[in-house]
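Numbering (my numbering), first residue to last: 141 to 563.
We put the beta carbon where it would ideally sit given N, CA and C, even for glycine.
All figures in this text were calculated on a predicted structure; none of them were measured in a lab.
What follows is a single structure, written as structure tokens, with notes after it.
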Ligand code: UD1
């Protein structure tokens, strides 16, 4: 298993290209199940989660070809479709549940294992089940699998979700696109990845309005056709790399970045003493004069502060002047990085959904362990500014969501390398 070694060093400078969004791509790929014609996704990120989705779709009978070094995914699903998403693949990644809506819409039935994914909370499926049941599906859980069927096909309906779940909104959008009649989803998630999926579905012939707001209206159509769609920029990768110069000093331009993708995050950066400027090519980030200031952060659905940037923000606040409180409102168990940061000298107290971070002058390098995808990158960020060497193990989590992290950071002057773990 690989390890990443980071040595704390001075200011960073240069440019970091931001990839297409993992979370958007994971929702776009299953859309290929909705049509017999090919769907081509450009600007796809090259990540292990994308390979897992490729494997899952292949097991269902779709063809996924990676072109131009994996940056273009040519997908097609014209033959016979297998309705069973097997536990052995689904357990690797929660986003596998995004095949449920499309399989139901195309075949009228589906058998999908309950998902796994990062161990950051209970993450049940009730909101997905309620949303698809509103469209006429009958869903029951047997032996770890959701058995879903819609005798006579899905029917449009008005449905309000109890919480604006990202995945459930995506499943509903895909299923309702081929349902009979009109569907209205209330309290829909508003994330940019939802907007991206709606745009792609529209390019495939779906009739969707209101994406990016809390109410989305979908007029079902009989069939969808092929399309080519560029994957939106990864706002979480963007926010992560914006924190590199914030933590180490210097100035870095994140290519492809836009304020609109990370507005609430930029507000917190500004309050902490980091300036962000939108340029023609992306976002230029640098630390204003003096030490980082403490800020309080509450994670919320978009447009609120993203939970997927909470761990990285905590890495920044470890060396801020003063005390910051981070409140996690999306996942109940998402502070596993706190004890690892504490190994590097951070002073953090976790009580339920709150973490209180008392800023220290400087962190010190230490051996630490990645516990989930975003936690792992927060340890790398912390290591970039720590005194001495930080060795991050279990970096397979990192490879699920960040392509070539060490290359991208080395290009702006960071001292970081990947080594094979002999143990
Ligand atoms: C997506 C993102 C993930 C991000 C999360 C929140 C992808 C592939 N992943 O995950 O990176 O952290 O949004 O922004 O896009 N919940 C239920 N019942 C359900 C569904 C969800 O209780 O049926 C709960 C979850 O346990 C969690 C919260 O709702 O506490 C948010 O989940 P959701 O928005 O569905 O996240 P995902 O789509 O799984």
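Per the coordinates, the alpha-carbon of residue 215 lies some 36 Å from the alpha-carbon of residue 473.
Proximity of the beta carbon of residue 305 to the ligand UD1 is indicated: a heavy atom of the ligand is located closer than 8 Å. Contact annotation: residue 171 and residue 301 have beta-carbon atoms that are not nearer than 9 Å. At least one heavy atom of the ligand UD1 lies less than 8 Å from the C-beta of residue 269. Residue pairing by DSSP puts residue 357 in a beta bridge opposite 324, 349.
Beta bridge pairing from DSSP links residue 180 with 214, 368. Per the DSSP secondary-structure output, residue 285 pairs in a beta bridge with 253, 282.
With a beta-carbon spacing of about 20 Å, residue 366 and residue 316 fall beyond the 8 Å limit used to define contacts. Annotation: residue 337 to residue 288 spans about 23 Å, alpha carbon to alpha carbon.
Secondary structure of residue 417 (DSSP, three-state): strand. Residue 233 sits in coil when the DSSP states are folded into three classes, being neither helix nor strand. The beta carbon of residue 295 is closer than 7 Å to those of 275, 276, 319, 320, 321 in its chain, skipping five residues each way along the sequence. As computed with DSSP, residue 142 is found in a beta bridge with 560. Relative to residue 451, the option among 490, 413, 239 whose CA is nearest is 490. One Cα belongs to residue 192, the other to residue 341, and the distance between them is close to 22 Å. For residue 509, the secondary structure class from DSSP, reduced to helix, strand or coil, is strand. Residue pairing of residue 504 in beta bridges, as defined by DSSP: 527. Contact between the segment 527 to 535 and the segment 151 to 167 is absent, with fewer than three C-beta pairs closer than 8 Å. Cβ neighbours of residue 299 within its own chain (closer than 8 Å, five residues either side excluded): 270, 271, 274, 275, 312, 323, 324, 325, 326. In this model, residue 368 and residue 179 are separated by some 6 Å (Cα to Cα).
Residue side-chain check: residue 471 places its Cβ nearer than 8 Å to a non-hydrogen atom of the ligand UD1. Residue environment for residue 454: buried (at least 16 other C-beta atoms within 10 angstroms of its C-beta).
Not one heavy atom of the ligand UD1 falls within 8 Å of the beta-carbon of residue 326. Annotation: the continuous alpha helix (DSSP H) that includes residue 166 extends over 162 to 168. Take residue 539, set aside five residues on each side of it, and the residues of its chain with a beta-carbon closer than 6 Å to its own are 188, in chain order.
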